[in-house]
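Here is the structure:
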């Protein structure tokens, strides 16, 4: 079976002046990879006619599939659609479906449409139109000399929707892709290089059609086994065996053995146990509650939070003792333990998470440097607290505090219920 | 003055399987841009000999400066150094400075060194070595046929250190770079295409050395004017004039005339007016508080939040009337107005933001579809409420609710204080 190669072309000056970090390419590569398509080359060009044209020429010499994002906006610098029309020798026509979609969006927004918006419904007559359920710019699918070219908007959720709903299924029906199957588990509390060292023998003994990927994120490392081959059933049973072996090697650090985030894993556990949750957040400023509520259906177990950025709120609402704050400070084991008690009472839930720390860049001291964090989790019977030290920038310290706090509660529930 | 063009080549399989989001390129492009160097092309290739070789050939036809990151690690798949040695016709020698640096790092870590680590001190004899103060792999500077090639590690802080300490200053001394200057403003409440239409005459009248960029994000559009030319002072005064003109055109929608986010703009305003802030969040689940507290120093004006995901918490803590919830529902003008009153009282701040909505995918109804949001902002004297309709996925609906709520408060403060 031949390896199917894809190239990704991202178009837009915003990528070349560094205004936007390209997160689309990584997502696309992951999805393609899961489907047995290998991205061999990625290129970013500006809104420049010759550069886009040359990129199309060059990538079509390399790959069977060329995925293009960006350059489809309604403004003058977006030249991609006109270029594609000329590149594939078509002429522009109005696509009735795209037009209806645009009109519907503007009706719902109760905004008047202008000529520029209507022009977004125009497409080359030699492409298959990919409907955009999430925005105004339609996607376009071209075929030329055995190559497939797909143009999609650069807006991440529009591109992702098109890929999932249309592009990936269509690629599946076009190519004889190998069967691909994955097993994923999430670890916490061990760094990538230590993990790699720990499972080195396992990794090197893997047969060539099974690959192990390390996917680090927010201080946790996801491990993904991917097998590819002609027969799905054979692969599944083979991968089950390898995955079981891997799990025994990482038991100590394993959070969950499916492809879920820590907030999803915790939510699943809370639902299974029929428990309700609240948070009392100082340094994370609501970020833990945000992660929990980013999961649809979280209202089944999550009741609410108190963000007590100010010590007055810690005292009045969470009943943290003024003496505790004075004696041990807001970033201390005593304070987060009292925050847990106060939040359980005030928000009336079965369990809660409390955090207090110094996220930086300001606020650190000799005794409590930036990155010092206290986390407590507990229920009406028991509270567990742990200190952490992070050494990154403010945003990353907040993220690490949040994921570690969620994981501490997960471990607490597993041991107590 | 000629435009100095640069290309960025990123090397590593991890970029092509989507394991890593490439944040290096955006940072490098920004820094180069600030220094008058234009990135015309970016390309990502795997750890594959021919692909790297071809990328060097192709980019050197395009650009005078070729910056390469990645592929310099100690593991077997990192072939970049050997390839560069052959590409530029050199032979490998041990660099004494790099060797001392590696030994020092291992001493500090108190770890034994292996052969692999020592090999990191080897470099081609025809490059200028760029010291790595933050890691083991040295950088390499090659010159060939009037082109400059710089190879750096892919680890972000190592690459950034080399760029700042060595590469940018060296490029400045090599090339006669133009002066570059920017002006940025943020707009809200107007779509990209309407804005483009509205300022079309202004944009087309701009001289060729001044460019206007539209940078949409979370329902807001940032406008950036960039001027380049031989003399900095002339550019500054010219750009001031154009920027003043642009500001008068977009007054109605302008949030702030500097390069700040909405939460930074609001924070600045609150500090200026000496006001304190709290939030009462239902559908955003703490995300507004998170945005506010992502700004260092926000504790000067932000006191805290109640995330009232559960209606019981809306009633008990925020004193929302049970009758109101029953009659108009949690997503209603009446409810968010009562949430404002309750939060002002409970959290004891000068002003507050309250939101309630349906973020999806579940929870919508005929009368209140997914994306329906009520926002209220106010102080002890006055409350203003506004309904919004968003039509995206859960995450984006949350983001749009948050940024629009922050902007509603900003406008309220400007009109009331």
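Chains as they are written, first to last, in my numbering: chain A, 826 to 1242; chain B, 826 to 1242. All residues carry an ideal CB built from backbone N, CA and C; glycine is no exception.
Shortest alpha-carbon distance to residue i belongs to which of the options?
i	options	result
residue 803(B)	1178(B), 1184(B), 1215(B) and 925(B)	What the structure shows of chain B is the stretch from 826 to 1242, and residue 803(B) is not part of that stretch, so it cannot be assessed.
residue 1080(A)	903(A), 1099(A) and 1229(A)	1229(A)
residue 1102(A)	1170(A), 866(A) and 938(A)	1170(A)
residue 1003(B)	862(B), 852(B), 887(B) and 839(B)	862(B)
residue 1160(B)	1182(B), 870(B) and 874(B)	1182(B)
residue 1070(B)	1057(B), 1056(B), 1058(B) and 1050(B)	1050(B)
residue 971(B)	1180(B), 949(B), 981(B) and 889(B)	889(B)
residue 1098(A)	884(A), 993(A) and 1126(A)	1126(A)
residue 893(B)	1005(B), 1196(B) and 831(B)	831(B)
residue 1119(A)	979(B), 1111(B) and 1123(B)	1111(B)
residue 951(A)	926(A), 1031(A) and 907(A)	907(A)
Please tell me whether, using a cut-off of 7 Å, the distance from the CB of residue i to the nearest non-hydrogen atom of the ligand SAM is below it.
i	result
residue 1221(B)	No copy of the ligand SAM appears in this structure; indeed no ligand is present at all.
In this structure, how does DSSP classify residue i when only helix, strand and coil are distinguished?
i	result
residue 1197(A)	strand
residue 926(B)	helix
residue 1217(B)	coil
residue 894(B)	strand
residue 946(B)	coil
residue 1235(B)	helix
residue 1037(A)	strand
residue 992(B)	helix
residue 1191(B)	coil
residue 957(A)	coil
residue 916(A)	coil
residue 1138(B)	helix
residue 1230(A)	helix
residue 871(B)	coil
residue 1045(A)	strand
residue 1066(A)	helix
residue 1086(A)	coil
residue 1133(B)	strand
residue 1092(A)	helix
Which word fits residue i, buried or exposed, when buried means at least 16 other C-beta atoms lie within 10 angstroms of its C-beta?
i	result
residue 1088(A)	buried
residue 1148(B)	exposed
residue 1151(B)	exposed
residue 996(B)	buried
residue 1019(A)	exposed
residue 1139(A)	buried
residue 1208(A)	buried
residue 919(A)	exposed
residue 1025(B)	exposed
residue 1231(B)	buried
residue 941(B)	exposed
residue 844(B)	buried
residue 1008(B)	buried
residue 983(B)	buried
residue 875(A)	exposed
residue 1001(A)	exposed
residue 1142(B)	buried
residue 1029(B)	exposed
In the DSSP output, which residue or residues are listed as bridge partners for residue i?
i	result
residue 1212(B)	1199(B)
residue 1264(B)	In the structure displayed, chain B extends from 826 to 1242; residue 1264(B) sits before or after that span and is not available.
residue 1177(A)	1103(A) and 1203(A)
residue 1127(A)	1102(A)
residue 1008(A)	1050(A)
residue 842(B)	According to DSSP, which records beta bridges pairwise, residue 842(B) is partnered with nothing at all.
residue 967(B)	974(B)
residue 1079(B)	1012(B)
residue 939(A)	None; residue 939(A) has no bridge partner.
Inset, instruction - Taking a Cβ distance cut-off of 8 Å, strictly less, list which residues of the region 1215 to 1238 of chain B are near chain A, in chain order. - result: Hits within the stretch, in order: 1216, 1217, 1218, 1219, 1220, 1221 and 1223.
Inset, instruction - Scan the region 956 to 983 of chain A for residues whose Cβ lies nearer than 7 Å to a Cβ of chain B and list them as they occur along the chain. - result: Within the region 956 to 983 of chain A, the qualifying residues are 959 and 982.
Inset, instruction - Below 9 Å between beta carbons is the criterion; list the residues of the region 846 to 870 of chain A that meet it against any residue of chain B, in chain order. - result: Those would be 846, 847, 848, 850, 851, 852, 853, 854, 855, 856, 857, 858, 863, 864, 865, 866, 867, 868, 869 and 870, in chain order.
Inset, instruction - Determine which residues of the region 1199 to 1215 of chain B have a Cβ less than 7 Å from any Cβ of chain A, and write them out in chain order. - result: Against chain A - using a Cβ distance shorter than 7 Å - the residues of the region 1199 to 1215 of chain B are 1214.
Legend entry - Cβ-based contacts, 8 Å cut-off: residues of the region 1019 to 1049 of chain A near chain B: Only those residues of the region 1019 to 1049 of chain A whose C-beta falls short of 8 Å from the nearest C-beta of chain B are listed: 1038, 1039 and 1040.
Legend entry - Interface residues of the region 1127 to 1149 of chain B facing chain A [CB-CB below 9 Å]: Considering only beta carbons, the part of the region 1127 to 1149 of chain B lying closer than 9 Å to chain A consists of 1127, 1128, 1129, 1130, 1131, 1132, 1133, 1134, 1135, 1137, 1138, 1139, 1141 and 1142, in chain order.
Legend entry - Near-chain B residues of the region 1152 to 1183 of chain A (beta-carbon distance less than 8 Å), N- to C-terminal order: Listed by position, the residues of the region 1152 to 1183 of chain A near chain B (Cβ gap below 8 Å) are 1171, 1172 and 1173.
Legend entry - Near-chain A residues of the region 827 to 843 of chain B (beta-carbon distance less than 9 Å), N- to C-terminal order: Within the region 827 to 843 of chain B, the residues whose Cβ lies closer than 9 Å to some Cβ of chain A are 833, 835, 839, 840, 841, 842 and 843, listed in chain order.
Inset, instruction - Please list the residues of the region 933 to 945 of chain A that have a C-beta atom closer than 7 Å to any C-beta atom in chain B, keeping them in chain order. - result: Taking 7 Å as the Cβ-Cβ cut-off against chain B, the residues of the region 933 to 945 of chain A that qualify are 933, 939, 941 and 942.
Legend entry - Selection of the region 892 to 907 of chain A by Cβ proximity to chain B, strictly under 9 Å: Answer in chain order: 898, 899, 900, 901 and 902.
Inset, instruction - Note down, in chain order, all residues in the region 1099 to 1116 of chain A with a beta-carbon under 7 Å from any beta-carbon belonging to chain B. - result: For the region 1099 to 1116 of chain A, the set of residues with a beta-carbon nearer than 7 Å to any beta-carbon of chain B comprises 1110, 1111, 1112, 1114 and 1115, in chain order.
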